[in-house]
Amino acid sequence: MKSAWDEAAAPAADDHVGQCVYASRLLGADQALVLHGGGNTSVKVQGRDVTGAEVDVLHVKGSGWDLASIQAQGFAPLRLERLRKLLGVDALTDPQMMNELRCASLDASAPDPSVESLLHALIPDRFVLHTHADAVLTLTNLDGGAARIREVYGEDALVVPYVMPGFDLAKHCADLVAEHLAGHDALPPVMILMCHGVFTYGATARGAYERMIDVVDRAEEYIAANTAPVSVPTQAHEAEPVDLHTLADLRKAVSRAAGVPMIARRVATPDVLAFCRRSDLADVAAQGPATPDHVIRTKRLPMIGRDVAAYVDGYAKYFETHVGARDLVMLDPAPRIVLDPRLGLVAVGRRAKDAAIAVDVYRHTIEIIDRAERLGGYRALSAADIFAMEYWSLEQAKLRRGGAAPEFAGEVALVTGAASGIGRACALALLERGASVVGLDVDPGVGAITESGEYVGVVADLTEPDAVDAAVRTTVERFGGLDILVAAAGVFGRSEPIAELDPERWRRVMEVNVGTLPMLLARVHGLLARAPRYGRVVLVGSKNKDAPGPGAAAYSVSKAAATQLARVAALEWAADGIRVNVVHPDAVFDTGLWTPELIASRAEHYGMTPEDYKKRNLLRTEVTSATVGRMVADLCGPSFRATTGAQIPVDGGNDRVV
Ligand code: ZN
Numbered sequence: 050m051k052s053a054w055d056e057a058a059a060p061a062a063d064d065h066v067g068q069c070v071y072a073s074r075l076l077g078a079d080q081a082l083v084l085h086g087g088g089n090t091s092v093k094v095q096g097r098d099v100t101g102a103e104v105d106v107l108h109v110k111g112s113g114w115d116l117a118s119i120q121a122q123g124f125a126p127l128r129l130e131r132l133r134k135l136l137g138v139d140a141l142t143d144p145q146m147m148n149e150l151r152c153a154s155l156d157a158s159a160p161d162p163s164v165e166s167l168l169h170a171l172i173p174d175r176f177v178l179h180t181h182a183d184a185v186l187t188l189t190n191l192d193g194g195a196a197r198i199r200e201v202y203g204e205d206a207l208v209v210p211y212v213m214p215g216f217d218l219a220k221h222c223a224d225l226v227a228e229h230l231a232g233h234d235a236l237p238p239v240m241i242l243m244c245h246g247v248f249t250y251g252a253t254a255r256g257a258y259e260r261m262i263d264v265v266d267r268a269e270e271y272i273a274a275n276t277a278p279v280s281v282p283t284q285a286h287e288a289e290p291v292d293l294h295t296l297a298d299l300r301k302a303v304s305r306a307a308g309v310p311m312i313a314r315r316v317a318t319p320d321v322l323a324f325c326r327r328s329d330l331a332d333v334a335a336q337g338p339a340t341p342d343h344v345i346r347t348k349r350l351p352m353i354g355r356d357v358a359a360y361v362d363g364y365a366k367y368f369e370t371h372v373g374a375r376d377l378v379m380l381d382p383a384p385r386i387v388l389d390p391r392l393g394l395v396a397v398g399r400r401a402k403d404a405a406i407a408v409d410v411y412r413h414t415i416e417i418i419d420r421a422e423r424l425g426g427y428r429a430l431s432a433a434d435i436f437a438m439e440y441w442s443l444e445q446a447k448l449r450r451g452g453a454a455p456e457f458a459g460e461v462a463l464v465t466g467a468a469s470g471i472g473r474a475c476a477l478a479l480l481e482r483g484a485s486v487v488g489l490d491v492d493p494g495v496g497a498i499t500e501s502g503e504y505v506g507v508v509a510d511l512t513e514p515d516a517v518d519a520a521v522r523t524t525v526e527r528f529g530g531l532d533i534l535v536a537a538a539g540v541f542g543r544s545e546p547i548a549e550l551d552p553e554r555w556r557r558v559m560e561v562n563v564g565t566l567p568m569l570l571a572r573v574h575g576l577l578a579r580a581p582r583y584g585r586v587v588l589v590g591s592k593n594k595d596a597p598g599p600g601a602a603a604y605s606v607s608k609a610a611a612t613q614l615a616r617v618a619a620l621e622w623a624a625d626g627i628r629v630n631v632v633h634p635d636a637v638f639d640t641g642l643w644t645p646e647l648i649a650s651r652a653e654h655y656g657m658t659p660e661d662y663k664k665r666n667l668l669r670t671e672v673t674s675a676t677v678g679r680m681v682a683d684l685c686g687p688s689f690r691a692t693t694g695a696q697i698p699v700d701g702g703n704d705r706v707v
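Just so it is clear: in the sequence shown, position 45 is 94 by our numbering, and no numbers are missing.
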């Protein structure tokens, strides 16, 4: 591991908080050091409070901030003297400790301080950095790990046996530090916490940071020099094609165990498959996470194979065994990590973002387990220790910080024609209500309609069966299944009277607006039938279906035919709980079909201003693509739970339709 410190990019040396932010971001940028909100950092500075009194301040990472993106306001400024006094107290409960930490803050609007604040306070050095570096965890999680740490670091490391993070760990470290300083001038350069992570510190941020890099580098060198070679080359593990219904069944079973729809993301790279196909998988994966705070992302154990009922039983037994006399409510017993020799790794989360975090955490766990096994044997913490962390109120608070889940959290939507206009508006409306969305379009712009991590854009032509198959496969591999299909893709074609119809243009409009639909519906039916709640289809029709316009033969006929297809689907699929409804928009001018020039020329044709022309409906209201997107999202929601086969105008009221 190499230092990434760039003196030219770092803030001035006397900007201590800036230096700490810079070092924190360097650590956060490397997933081999910390993952998704893990780790914490601090800096001690002299300041003045509002009375003008001098005060020593510990700026410590706030909970909920990620080291990779932290800013100065992500640190809580705490009175150092007060923190050190707290270390003299014999015992503090978690709520007492958090209360004291908050009350020690100089800024009431600062984030909640890290649960490790007291540990940062007791270390005398100005800068303190804490990571869960993979290479160090590989050594601390070995059978006989403490001896290996001694072998690698000798007198350079203060080794701290595992103690639950928080007040108890801080007290324990305070005793060890006092004991050490009684016989030495200074602390050893690093503190290694068994089965947890590593602390480094120094008078400068660069010094503390480069010490962290050095610690990790020494661990990596030791591992490289002492691991047995891999017996099976990972290239030998190729992913096999998997039936999408198998994945959707798995997601449905896991969602049922969780009590809510969940996102499931599959990873089947050669390294992951090699791990999932180990003959000793059940033994090595039954140890638990490499550092305790990963438990909230992965649960203590992965599910091996696909027997969700057995996993749920096992989880309930684990809860019963360890809850003791404590008044705790069991968390949902659904797995977060599935390891299957055929499927590979399937990570489960409430949102796509959570599943992605679980993927990252477990892929690092795989590497740690794999290397530790080749060094002599992976040994994680006891089930009791992991349970204490999983049900620790301060860890649960990290998950709750996200707030209540939105309406469609855990549900997956596929939207065609998503690059622009109504399709784009539908995709955005569903995203806003918490769905994970795949947008499909021939327009390459479909990938860029949002930066949301819950969205994937796929460039595909609906008239090409292979491209549609690939898009559906992406949806299922990425999110686990499908709950909602919005068919919004369509073309208007040129305005031309029947007597002058161009057969090729007629065929094109009919093919895109109708011809592609049966194939798409057929491909997604089995997935929608496996939706954890129920499947929904919304077809974007047109006012033209009930009120056709002269010159729009192909378009009007295609929308009428598509509507009829949706009605038949409503009849055929009701038994599977799938609702199929149609919206009929009209005069939606903020789409690619309409340019300002075209609107002006049509308005002139009717002797109207463009503004009046846009509102020529009974309600005199402008219908935008966002209006239609909202209606489509509403149709997928619980208010329409008992509605199928319906056709809803979104046209401001039209006297030919009413
Ligand atoms: Zn930690």
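Backbone N, C-alpha and C define an ideal beta-carbon position, used for all residues, glycine too.
C-alpha of C69 to C-alpha of G590: approximately 56 Å in a straight line. Residue side-chain check: P319 keeps its Cβ at 8 Å or more from all non-hydrogen atoms of the ligand ZN.
For the ligand ZN, no non-hydrogen atom lies closer than 8 Å to the CB of H221. The closest heavy atom of the ligand ZN lies less than 8 Å from the beta carbon of E165. For D217, the Cβ stays outside the 8 Å cut-off from all heavy atoms of the ligand ZN. Residue pairing by DSSP puts H633 in a beta bridge opposite P698. Scanning M243, L388, P126 for the CA closest to the CA of A159 turns up P126.
Annotation for P698: K592, H633, V706 place their beta carbon closer than 7 Å to its own, counting only its chain and skipping 5 residues before and after.
Looking from the CA of A195, the closest CA among V508, V209, P60, A182 belongs to V209. A distance below 7 Å between beta-carbons, with the five flanking residues on each side excluded, links D342 to the following residues of its chain, in chain order: G87, M438, E444.
For S485, the secondary structure class from DSSP, reduced to helix, strand or coil, is strand. The continuous beta strand (DSSP E) containing Q95 extends over residues 89-97.
DSSP, reduced to helix, strand and coil, places A536 within a strand of the structure shown.
Annotation: the continuous alpha helix (DSSP H) that includes H371 extends over 357-372.
Comparing C-alpha distances from G470 to each of G203, L225, T673, H229 shows the shortest one belongs to T673. About 5 Å separates the beta carbon of V395 from that of R315, a gap short enough to meet the 8 Å contact definition. Look at the beta carbons and you see the stretch 479-488 touching the stretch 449-465: at least three pairs across the two are nearer than 8 Å.
Contact between L82 and T180 holds: CB atoms are separated by about 4 Å, below the 8 Å threshold.
Sequence-distant partners of V677 (beyond 5 residues in either direction) whose C-beta falls short of 8 Å from its own C-beta, in its chain, are I471, A474, C475, V589, V632, P634, V637, V699. Pairing S605 with S73, the inter-Cα distance amounts to about 60 Å.
Closer than 8 Å to some heavy atom of the ligand ZN: that describes the Cβ of H181. When secondary structure is reduced to three states using DSSP, M243 falls in the coil class, being assigned neither helix nor strand. Relative to the ligand ZN, the beta carbon of G88 is positioned inside 8 Å of a heavy atom. With a 10 Å radius around the Cβ and a threshold of 16 neighbouring Cβ atoms, R449 comes out exposed.
With the rule of 3 Cβ pairs closer than 8 Å, the stretch 561-575 counts as touching the stretch 527-543.
Counting C-beta pairs with one atom in each stretch, the stretch 53-62 and the stretch 135-142 have fewer than three that are closer than 8 Å, which means they do not touch.
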